[in-house]
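Trainee: So in the working numbering, the last spot in the sequence shown is 381, and the numbers never skip.
A virtual CB, placed ideally from N, CA and C, is assigned to each residue, including glycine.
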Amino acid sequence: MHDTSQAVLVTGGAGFIGSNFVLNWIGEAASPVINLDLLTYAGNPANLAQIENDTRHTFVRGDICDADGIAKLLREHKPRAIVHFAAESHVDRSISDPGAFIRTNVQGTGTLLEQARLYWSELNPGSKQQFRFLHVSTDEVYGSLGPDDPAFSESTAYAPNSPYAASKASSDHLVRAYYHTFGLPVVTTNCSNNYGPFQFPEKLIPLMILNALEGKPLPVYGDGQNVRDWLFVEDHCSAIRAVLERGRLGETYNIGGNSERKNLDVVTVICDLVDEIAADGKPEPRRKLITFVTDRPGHDRRYAINATKIRDEIGWEPAQDFEEGLRRTVAWYLGNKSWVENVRTGAYRDWIRRNYDERVPQ
Ligand code: NAD
Ligand code: DAU
Numbered sequence: 020m021h022d023t024s025q026a027v028l029v030t031g032g033a034g035f036i037g038s039n040f041v042l043n044w045i046g047e048a049a050s051p052v053i054n055l056d057l058l059t060y061a062g063n064p065a066n067l068a069q070i071e072n073d074t075r076h077t078f079v080r081g082d083i084c085d086a087d088g089i090a091k092l093l094r095e096h097k098p099r100a101i102v103h104f105a106a107e108s109h110v111d112r113s114i115s116d117p118g119a120f121i122r123t124n125v126q127g128t129g130t131l132l133e134q135a136r137l138y139w140s141e142l143n144p145g146s147k148q149q150f151r152f153l154h155v156s157t158d159e160v161y162g163s164l165g166p167d168d169p170a171f172s173e174s175t176a177y178a179p180n181s182p183y184a185a186s187k188a189s190s191d192h193l194v195r196a197y198y199h200t201f202g203l204p205v206v207t208t209n210c211s212n213n214y215g216p217f218q219f220p221e222k223l224i225p226l227m228i229l230n231a232l233e234g235k236p237l238p239v240y241g242d243g244q245n246v247r248d249w250l251f252v253e254d255h256c257s258a259i260r261a262v263l264e265r266g267r268l269g270e271t272y273n274i275g276g277n278s279e280r281k282n283l284d285v286v287t288v289i290c291d292l293v294d295e296i297a298a299d300g301k302p303e304p305r306r307k308l309i310t311f312v313t314d315r316p317g318h319d320r321r322y323a324i325n326a327t328k329i330r331d332e333i334g335w336e337p338a339q340d341f342e343e344g345l346r347r348t349v350a351w352y353l354g355n356k357s358w359v360e361n362v363r364t365g366a367y368r369d370w371i372r373r374n375y376d377e378r379v380p381q
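#1: Any heavy atom of the ligand NAD within a distance shorter than 6 Å of the CB on Ser108?
#2: Between the Cα of Trp358 and those of Phe35, Gly31, Val27, spot the shortest distance and give me the residue it belongs to.
#3: Let's test the definition: count the other Cβ atoms within 10 Å of the Cβ of Lys147 and tell me whether it reaches 16, buried, or not, exposed.
#4: If you scan the stretch 234-295 from start to end, which runs of the beta strand (DSSP E) of 3 or more residues do you find wholly inside it?
#5: Measuring alpha carbon to alpha carbon, tell me which residue in Asp56, Ala33, Ile89 is nearest Ala68.
#6: Hey, Phe120 and Gly31: beta-carbon distance below 7 Å or not?
#7: Considering only C-alpha positions, which residue in the set Tyr322, Asp242, Asp319, Gly275 is nearest to Phe341?
#8: Rounding to the nearest angstrom, what Cα-Cα distance links Val52 and Ser24 in this structure?
#9: In chain order, what are the residue ranges of uninterrupted alpha helix (DSSP H) at least 4 long that sit wholly in the stretch 64-98?
#10: Three or more C-beta pairs under 8 Å: does that hold for the stretch 132-150 against the stretch 43-62?
#11: Quick check on the DSSP output: the alpha helix (DSSP H) that includes Asp384 runs from which residue to which?
#12: Which class does Pro182 belong to by DSSP, given the choice of helix, strand or coil?
#13: If we ignore side chains and look at the alpha-carbon of each, how far apart do Ser464 and Gly145 end up?
#14: Out of Ile228, Val155, Ile309, Gln149, which one is the CA nearest neighbour of Arg195?
#15: What residue range does the beta strand (DSSP E) around Arg321 cover?
#16: Let's test the definition: count the other Cβ atoms within 10 Å of the Cβ of Asn230 and tell me whether it reaches 16, buried, or not, exposed.
#17: Cα-Cα, which of His318, Gly365, Arg378 is closest to Ser113?
Have a look at this one:
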């Protein structure tokens, strides 16, 4: 068993998945969390409002590219583990600014790994044995599947297609190298598309919920037949906790929702849910807002996860059914108007203009 007085260092814990993870962790575990986040456009302290006064949570604004800052944090708090979420995470932004992704996802992960190695190498033998570096990664490193291809397994060859995916693949390789070369006790998770509360409304599901609510066009890329395997964010968080406790060192674990859906079907269900839950008597069904627009360059056609390894070895399976999870998510966005207003700043509106103004209806 772990010493529960010892902290866990979470990076990117003010973002979508990181904040859900920190909230669940504080809700379920006694041990403290040190939350290191740069608060980029995607980081939002409001996600953590519920634990603002909880002494088990320490927020530190800082950059994973800052070696000295990380070294100081590790010396001061002596964490028993690092759970690494911090990243640039949006594929469309990686197409307009790849450099930011190389800096944070590659250089940042490299810096964090090196500081973790220096810290870990000086721990006493017991703490050294217990220490874990858990790297949170994505299924996008595996590339794109055809309609009848088997789902991604842990032995699928890496074939990243976007600058985002390539930067995450690079970070996965660095993590692997730190295990093989230095023996740093790492474990990596590769997860499919998440959805749920606190997701920044640049991603498909929250963008469509908010546009639908406001009667704006719903910009579906290409023919809308691309497939994603959706996982409710709380299920991703429970999987990470399980891998942190029971994952084998140096291994990778795929995490997925067994919920492959075509984008157009997801958007259609969102329209119907917003019609039903908002109940604002709009004369036209929101499905009429669906607009096919210019495709994302290099758009991966299909992702699907084979999650048998984590099920058989670790005993984890997703708990949330997709349709019910989507209903919860729509209800959350409709019920949290001040959170929504807060994130839609001028910078957000600039991004929406940049990404959508040049996409012409197809
Ligand atoms: P997000 O964009 O919502 O949050 C990223 C967080 O990292 C933000 O709080 C941001 O401020 C912080 N950050 C960015 N650069 C930083 C830096 N240099 N130093 C410190 N903090 C920094 O991302 P998310 O969707 O929550 O994804 C979290 C992780 O999970 C990422 O590593 C992503 O690749 C991975 N992932 C995401 C999904 C998904 O569907 N969202 C699926 C699989 C894996
Ligand atoms: O698969 C895991 C990945 O899922 C994570 O690693 C990424 O961080 C996360 O952003 C997500 O990547 P996607 O590119 O799949 O997510 P996104 O929400 O951007 O898009 C989902 C699908 O919807 C994709 O096929 C593109 C399409 N789409 C997206 C947007 C924003 C549209 O059709 N219209 C849109 O406006």
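Mentor: From the atom records:
#1: yes
#2: Phe35
#3: exposed
#4: 237-240, 246-248, 271-274, 279-281
#5: Ala33
#6: no
#7: Gly275
#8: 10 Å
#9: 86-96
#10: no
#11: Any answer about residue 384 is impossible in this case: the structure gives the chain only from 20 up to 381.
#12: helix
#13: Nothing about residue 464 can be reported from this structure: the residues present for the chain run from 20 to 381 only.
#14: Val155
#15: No beta strand (DSSP E) contains Arg321, which DSSP labels as neither H nor E.
#16: buried
#17: His318
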